[in-house]
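What follows is the structure in structure tokens.
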């Protein structure tokens, strides 16, 4: 099933089965006044990004490719919680010229960003079915990470965006991963350090100007179960929300999230709760990845904070799970697409 039906309408809701293609070219895009959108609007209005992370008490890695049509932005950062060492790489390239490629399928195809001797590759391996992140940087930093979604229920959701657009996102958190990281911070075998992965795959005709907070972590509980959280405020909230957490791959839906924090001091403590009481977490920041881009007609002010979560999550069955020092992220992001 593709996202756009044979009448040019977008399918909205939460999907239990994979979505074949975000076939935006078949979407009957209108202007706010009801006229058919022109070719430029149809092309430049569609945006995509993919973010993958690796999380453990020994190393945190965050990596993204963002396609805004006019420009492509990519970043990688590495943080060692034990030494507080941090490395950050940011890349920009025109949206034309062969610097990148993306896929319209959340569960198939490959994404690539290349800038000189620096290369980031995100893909589903057609032989193994594993989702992979491969990084090779000029300074010798390298990542080979893979994980399986075979026994996992991703959050797949599409919501209306403004009067005429839509936003599709597919999220994963709370899956074990394998592979290795090689960098000046140290070399890490991901299975040995009990590392977990997250995914944010997003595409659509997003709001022209938008702002959101985001909360995510991925790790292993004391009893050996794998836990992951994904939630946002300010995006994907029209009729449905993406907010949920996973226990051993099983999805537990939660209500609207509330982010209580000081915008003037993002490094102060955050409190993340849900309206239904299933999420009650305190987030203690340890560092931050920031990026500001202003391309005049497009702009982004992005702060992704990494640190530790403590508190409780309550499952659909009523089990109260204690969260102790699980590493993850919060985010404050303004974008003009």
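In my numbering, the protein residues as written are 305 to 641.
Built from N, CA and C at the ideal position, the CB exists for glycine as well.
The structure presented is a predicted model; accordingly, all values stated were derived computationally and were not measured.
Residue i, DSSP secondary structure in three states
i           : result
residue 345 : helix
residue 564 : strand
residue 330 : helix
residue 458 : coil
residue 453 : coil
residue 511 : coil
residue 436 : strand
residue 311 : coil
residue 426 : strand
residue 571 : coil
residue 444 : coil
residue 585 : strand
residue 517 : strand
residue 325 : coil
residue 580 : coil
residue 371 : strand
Host beta strand (DSSP E) of residue i (start-end)
i           : result
residue 599 : Segment: none, residue 599 is in no beta strand (DSSP E) and carries neither H nor E.
residue 635 : 624-640
residue 608 : 603-618
residue 396 : 389-398
residue 475 : 469-480
residue 295 : The structure shown has nothing for residue 295, since the chain only spans 305 to 641.
residue 533 : 530-537
residue 419 : 414-419
residue 551 : 548-551
residue 492 : 490-493
residue 402 : Run containing residue 402: none; DSSP gives neither H nor E here.
residue 557 : 554-557
Within 8 Å, strictly: CB atoms of residue i and residue j
i           : j           : result
residue 248 : residue 462 : Within the shown structure, residues of the chain are numbered from 305 to 641, placing residue 248 beyond reach of any answer.
residue 532 : residue 516 : no
residue 335 : residue 351 : no
residue 566 : residue 355 : no
residue 459 : residue 541 : no
residue 632 : residue 363 : no
residue 403 : residue 376 : yes
residue 317 : residue 331 : no
residue 585 : residue 625 : no
residue 555 : residue 457 : yes
residue 296 : residue 587 : Missing from the structure shown is residue 296; the chain here goes from 305 to 641 and no further.
residue 591 : residue 530 : no
residue 439 : residue 450 : no
residue 469 : residue 408 : no
residue 617 : residue 582 : yes
residue 501 : residue 522 : yes
residue 630 : residue 612 : yes
residue 345 : residue 333 : yes
Identity of the residue in the options nearest residue i by Cα
i           : options            : result
residue 448 : 525, 357, 519      : 357
residue 391 : 405, 403, 399, 365 : 365
residue 413 : 317, 437, 421      : 437
residue 397 : 378, 406, 635      : 378
residue 578 : 519, 588, 612      : 519
residue 610 : 384, 416, 603      : 384
residue 570 : 522, 608, 381, 410 : 608
residue 600 : 455, 374, 345      : 374
residue 563 : 638, 344, 634      : 634
residue 338 : 636, 466, 486      : 466
residue 525 : 340, 551, 475      : 551
residue 323 : 382, 473, 380, 361 : 473
residue 393 : 442, 410, 598      : 442
residue 597 : 395, 501, 499, 326 : 395
residue 507 : 321, 343, 347      : 347
residue 494 : 502, 481, 486, 603 : 481
residue 475 : 425, 557, 405      : 557
residue 309 : 327, 319, 321      : 327
residue 454 : 534, 430, 420, 553 : 553
residue 349 : 386, 638, 602      : 602
Beta-bridge partners of residue i, as assigned by DSSP
i           : result
residue 383 : 364, 390
residue 483 : 449
residue 683 : Since the first residue of the chain shown is 305 and the last is 641, residue 683 is not available in this structure.
residue 497 : Its beta-bridge partners do not exist; DSSP assigns none.
residue 503 : 356, 476
Neighbour flag for residue i against chain B, beta carbons, 8 Å
i           : result
residue 333 : Absent from the structure: chain B. Only one protein chain is present.
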